[in-house]
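Quick note, the sequences are listed as chains A and B, same order. Counting from 1, position 350 in the first sequence corresponds to residue 350 in full-length UniProt numbering; the numbering is continuous, with no gaps. Counting from 1, position 4 in the second sequence corresponds to residue 4 in full-length UniProt numbering; the numbering is continuous, with no gaps. Glycine included, every Cβ here is placed at the ideal spot set by N, Cα and C. Remember, it's a predicted structure, so these values are computed and weren't measured experimentally.
Number of protein chains: 2
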Amino acid sequence: MIGILGGGQLGRMLAMAAARLGMRTHIFCPDPDSPAFEVTPHKTVAAYDDEAALAAFADAVDVITYEFENVPAATAEFLAARKPLRPGANALAISQDRLAEKTFLASKNIPVASYRAIESLTDLEAAIAALGLPAVLKTTRLGYDGKGQRVLRTPQDAASAFAALEPKPLVLEAFVPFEKEISVVVARNAGGEVKSFDAAENVHTNHILHTSTVPADIAPGVEKHAAMLAKVIVVALDYVGVLGVEFFVVPGEERPSLTVNEIAPRVHNSGHWTEAVCLTDQFEQHIRAVLGWPLGDPARMADVVMENLIGDAVNTVPGEIDGNTQAHLYGKAEARPGRKMGHVNRITRRR
Amino acid sequence: MIGILGGGQLGRMLAMAAARLGMRTHIFCPDPDSPAFEVTPHKTVAAYDDEAALAAFADAVDVITYEFENVPAATAEFLAARKPLRPGANALAISQDRLAEKTFLASKNIPVASYRAIESLTDLEAAIAALGLPAVLKTTRLGYDGKGQRVLRTPQDAASAFAALEPKPLVLEAFVPFEKEISVVVARNAGGEVKSFDAAENVHTNHILHTSTVPADIAPGVEKHAAMLAKVIVVALDYVGVLGVEFFVVPGEERPSLTVNEIAPRVHNSGHWTEAVCLTDQFEQHIRAVLGWPLGDPARMADVVMENLIGDAVNTVPGEIDGNTQAHLYGKAEARPGRKMGHVNRITRRR
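See the structure below:
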């Protein structure tokens with residue numbers, strides 16, 4: 001019985017992959033309408049700080065994983081003391097805090113955007129002087145899909161942005177003049193096996209992922225380098241599970257270079273394409289790692305473009321979907337604006 | 001909410017495909033340990049003749065389908081009067097009774113093994129005279145995986161075989177000198193769309209499917225003919241859903257010919273390969289048809305061999321499984337001899 005913290009679509013898809021391997025799953029989530037509650041009969045509807053519920057949950061399962069990186073540290077600690085938590089609390093701590101993340105990456109000589117920690121407006125003014133403008137001011141915790149950040153274009157933007165963003169501290173990141181964004185979804189198991197899926201080229205709309213295209217239109221050397229950086233990260237974290245690494249591809253005089261934008265200690269939206277064209281998709285790969293199994297083959301069988309179905313775009317399925325397209329809907333009742341309702345994978349070239 | 005009669009692995013896989021399309025499922029099955037109960041929170045554990053339970057089930061769902069062909073006719077009738085039952089009761093009636101099946105197929109000029117209805121030992125002796133030996137004596141109802149049949153090799157075999165097989169009536173089928181067995185899994189929706197998956201070449205061990213190999217090693221003309229016969233069947237039945245057609249390939253002077261062995265009004269073991277290499281697998285195709293959606297693309301992305309994991313063969317997963325292999329386990333607790341515990345799909349050639 002695999003325990004999954006979080007009941008959104010990622011938890012739902014993890015539970016479905018676990019079922020394909022004959023495993024049972026138990027979802028723990030405070031939201032009674034969690035999409036993942038519909039793919040297993042075992043659930044706990046409780047807050048992440050409800051220790052009695054967490055203890056019963058830990059008793060009921062053999063191993064615990066999670067589908068979102070903002071699992072409270074106290075929750076992770078409480079559970080990890082009772083059952084194996086994979087990936088571990090360390091990966092959570094690093095990914096939850098942008099400063100911790102950048103410090104960690106920089107310590108491994110992984111290129112990241114230049115940055116400064118910001119506790120006060122004075123810090124911010126000094127940082128702007130050091131990094132230049134434009135720059136991006138971000139909260140260090142709880143930001144996602146464009147929330148919790150402000151782009152600063154002129155020095156006059158600083159004060160209002162600083163006031164608007166809570167909680168402190170913040171981080172100022174130099175603007176990265178990227179030509180494209182790519183990501184690598186990488187897996188590592190306890191035996192130290194590391195396998196990554198092919199890099200995807202990602203396009204965001206309103207800070208939300210719109211499409212992921214595989215193969216990415218990048219030189220083989222760039223793709224290899226991205227895979228190598230992803231490997232360094234999971235090895236350095238002694239990581240068990242699937243991790244998503246988002247990169248900026250920055251043009252260079254001789255060749256493009258890579259900067260790591262973010263890491264996510266979970267299955268990743270930019271990896272949903274694997275479900276359509278890989279023998280082992282990212283969800284199964286994560287479950288294999290969590291179970292202590294050998295990793296599966298990440299090779300892909302076709303070229304593909306994943307497109308998110310946001311809000312009422314979900315209504316294009318099935319009527320506006322052609323034969324080359326695989327649809328995956330998350331079973332959410334309300335198609336609210338900006339809400340991830342599903343995705344489609346379109347085969348662009350069969351190999 | 002899709003209601004599924006039957007909670008075995010086929011129902012489990014149908015429920016998982018329905019979840020991928022964002023649909024909820026409710027499983028109705030008398031067996032409290034049904035594999036399908038682990039992939040949805042909605043279930044009814046009751047006998048198929050429990051009218052109160054059936055009525056509540058029908059109330060709770062929008063459409064009903066089934067994963068096994070021996071749904072009692074009264075159950076099908078009771079439910080179909082309340083909610084759409086797809087495939088319909090007609091397909092069940094024909095598939096449940098070998099005589100009805102053969103009569104139906106013969107009426108459409110579909111080649112079947114020569115046969116005679118057997119009510120008495122006298123019938124059997126006359127039938128043996130007409131069809132020759134060897135021949136196969138079968139019950140007309142409830143047989144599967146080799147149960148409810150006897151091969152007659154000499155006239156002396158007749159009496160004991162007749163006595164052993166219940167219930168009557170029986171059917172005697174002429175032995176078909178096949179060189180191989182193939183199957184086609186075909187789908188039809190209410191709009192009349194028909195799509196079939198590539199033919200699989202099937203090898204049985206102890207009457208249970210062992211492997212399905214795609215592509216089948218047959219001439220293109222034979223494959224086209226099989227697909228055509230499968231289409232004739234689903235059109236003649238005004239069928240909605242996925243149907244499996246098993247064929248004998250019989251050598252001939254100029255070219256091989258096809259004889260239909262059996263039809264099954266459900267997703268089929270010889271179609272499990274679709275899960276690994278098709279954008280739309282047989283389970284999703286069945287759900288699409290049941291929902292009234294357009295059918296998906298059945299084209300395959302690679303060559304593949306499916307192998308059933310029977311009994312303790314299931315223990316070869318994961319340790320003895322290589323990277324080219326996708327495993328699917330059904331979550332059954334007890335690996336009894338002859339029990340279908342899972343299957344693996346092995347890519348033999350990427351295209």
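Should Ser107/A be labelled buried (16 or more other beta-carbon atoms within 10 Å of its own) or exposed?
That one is exposed.
For the stretch 297-311 of chain B, which residues have a beta carbon sitting closer than 7 Å to at least one beta carbon of chain A?
Here the close residues are Asp297, Met301, Ala302.
Determine the closest residue to Val203/B out of Asn345/B, Ser196/B, Lys195/B, Thr213/B, with distance taken between C-alpha atoms.
Per the Cα distances, Thr213/B.
Could you spell out where the alpha helix (DSSP H) holding Ala135/B opens and where it closes?
Looking at the DSSP string, Ala135/B is not in any alpha helix (DSSP H); the run it does join, the beta strand (DSSP E), is 135-139.
If the cut is a Cβ gap below 9 Å, which residues of chain B does Thr280/A touch?
Within 9 Å Cβ-Cβ: Gly323, Gln326.
For Ala81/A, which residues does DSSP report across the bridge?
Note: Ala81/A sits in no beta bridge, so no partner.
Which residues does DSSP list as the beta-bridge partners of Thr211/A?
According to DSSP, which records beta bridges pairwise, Thr211/A is partnered with Val203/A, Glu307/A.
Please name the residue in Arg20/A, Val63/A, Asn70/A whose C-alpha comes closest to that of Gly8/A.
Per the Cα distances, Asn70/A.
Between Leu142/A and the rest of its own chain, which residues show a CB-CB distance below 7 Å, the 5 nearest in sequence each way excluded?
Cβ within range, chain order: Asn70, Gly148.
Inspect the CB distances between the stretch 41-59 of chain B and the stretch 309-317 of chain B and report whether three or more fall short of 8 Å.
No: the two stretches stay apart, fewer than three of their Cβ pairs being nearer than 8 Å.
With 8 Å as the limit, tell me which residues of the stretch 30-51 of chain B have their beta carbon closer than that to any beta carbon of chain A; keep them in chain order.
Listed in sequence order: Phe37, Glu38, Val39, Thr40, Pro41, Lys43.
Alpha helix (DSSP H) containing Gln96/B: first to last residue?
Where Gln96/B is concerned, the enclosing alpha helix (DSSP H) stretches over 89-96.
Quick one: does Ala276/B have its CB under 8 Å from some CB of chain A?
Yes, Ala276/B counts as interfacial toward chain A.
DSSP state of Leu291/B, grouped into three classes?
In the structure shown, Leu291/B sits in a helix (DSSP, three-state: H, G or I).
Ignore the nearest five residues each way along the sequence and tell me which others in Glu223/B's own chain have a CB closer than 7 Å to its CB.
Cβ within range, chain order: Ala199, Ala216.
Count Cβ pairs between the stretch 284-291 of chain B and the stretch 30-39 of chain B that sit closer than 8 Å; are there 3 or more?
Segments in contact, no.
Using a 10 Å radius around the Cβ and a threshold of 16 neighbouring Cβ atoms, would you call Asn92/A buried or exposed?
The sequence given here has Leu at residue 92/A, not Asn. When all chains shown are included, Leu92/A counts as buried.
Would a check of beta-carbon distances place Pro294/A closer than 8 Å to chain B?
Yes, Pro294/A counts as interfacial toward chain B.
Please confirm whether Ile347/A has its beta-carbon closer than 8 Å to some beta-carbon of chain B.
Output row for Ile347/A: interface = yes.
Check whether the stretch 257-264 of chain A and the stretch 324-333 of chain A are in contact - that is, three or more C-beta pairs closer than 8 Å.
At 8 Å Cβ cutoff, the stretches do not touch.
Taking DSSP's pairing of strands, which residues face Val250/A in a bridge?
DSSP output for Val250/A lists Ser257/A as bridge partner(s).
In three-state DSSP terms, what is Ala142/A?
Residue identity differs from the one stated: residue 142/A is Leu in this sequence, not Ala. Leu142/A falls in the coil class under three-state DSSP.
Please look up how many angstroms separate the CB atoms of Pro35/A and Lys340/A, rounded, as I've assumed it's under 8 Å.
Wrong, their Cβ atoms sit about 10 Å apart, outside the cutoff.
Which residues mark the beginning and the end of the alpha helix (DSSP H) in which Glu223/B is found?
Taken as a continuous stretch (DSSP letters only), the alpha helix (DSSP H) holding Glu223/B covers 220-236.
Could you pull the DSSP bridge partners for Gln326/B from this structure?
In the DSSP output, where bridge partners are listed per residue, Gln326/B has Asn345/B.
For Ala302/B, write down the residues that DSSP places opposite it in a beta bridge.
According to DSSP, which records beta bridges pairwise, Ala302/B is partnered with Arg350/B.
Quick one, which of Ala56/A, Thr103/A, Gln96/A has its alpha-carbon nearest Lys83/A's?
Checked all of Ala56/A, Thr103/A, Gln96/A; the closest Cα to Lys83/A is Ala56/A.
Just the Cα atoms here: how many angstroms apart are Gly22/B and His343/A?
Taking the straight line from one Cα to the other gives about 11 Å.
With Arg12/B as the anchor, note down where its beta strand (DSSP E) starts and where it stops.
Careful: Arg12/B lies outside any beta strand (DSSP E), inside the alpha helix (DSSP H) at 9-20.
Would Val339/B pass as an interface residue toward chain A - the criterion being a Cβ-Cβ separation below 8 Å?
For the record, residue 339/B in the displayed sequence is Arg; it is not Val. Not closer than 8 Å to any Cβ of chain A, the Cβ of Arg339/B fails to qualify, so no.
For the putative contact between Pro298/B and Lys231/B, defined by C-beta atoms under 8 Å, what is the C-beta separation to the nearest angstrom?
Between Lys231/B and Pro298/B the Cβ distance is about 13 Å, and since that is not below 8 Å, they are no contact.
I want to verify the contact list: residues of chain B whose CB lies under 9 Å from the CB of Ala187/A, in sequence order.
Here the premise fails: no neighbours, minimum Cβ distance about 13 Å.
Taking 8 Å as the CB-CB limit, is Ala19/A close to chain B?
Chain B contact via Cβ: present.
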